[in-house]
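Note that the working numbering has the sequence shown beginning at 84, numbered continuously upward. Below: one structure, written as structure tokens.
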Amino acid sequence: MKENDRHEYESLLIRQLEKFRAAKGISQREMSLSLGQSAGYIAKLTSGHNLPSMIAFFWICDYFHIHPKDFFNEEIAGNPALIDSIVKGLYKLSNDQLNYILALVQDLSKKS
């Protein structure tokens, strides 16, 4: 892995962590303590001084109720847990209902 690639991945981790934390409306300290870490843990991550271990990354994803594959998806603008609930509900719909939902989503996307 090139050093430049590594820097981009670290920057993405920081951006996403801050995005989800801000959306949840909690402080870095509060999140750190909720994860069972020291009060400055999230601050160290977002400043780039540390990277989370793999297990800590999974704890962070669990804290936000987000699947690890979705954590790095910058296209997710809303609440990942809400999006996941909506997707699960879509599996129960008929093709006609799915086409209606698709048209609605396309229309709403044009307006935003």
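Note that CB positions come from ideal geometry on N, CA and C, so glycine has one too. Predicted model only: the values in this text are computed from it and were never measured.
The stretch 146-192 is shown to contain whole alpha helix (DSSP H) runs of 4 or more residues at 151-154 and 163-173, in chain order. For His90, the uninterrupted alpha helix (DSSP H) run begins and ends at Glu86 to Lys107, by DSSP. At least 8 Å separates the beta-carbon of Ile143 from that of Ala164.
The beta carbon of Pro135 sits closer than 7 Å to the beta carbons of Leu128 and Ile143 from its chain, once the five residues preceding and following it are set aside; these are given in chain order. Contact between Ile97 and Met114 is ruled out by a C-beta separation of about 14 Å, above the 8 Å threshold.
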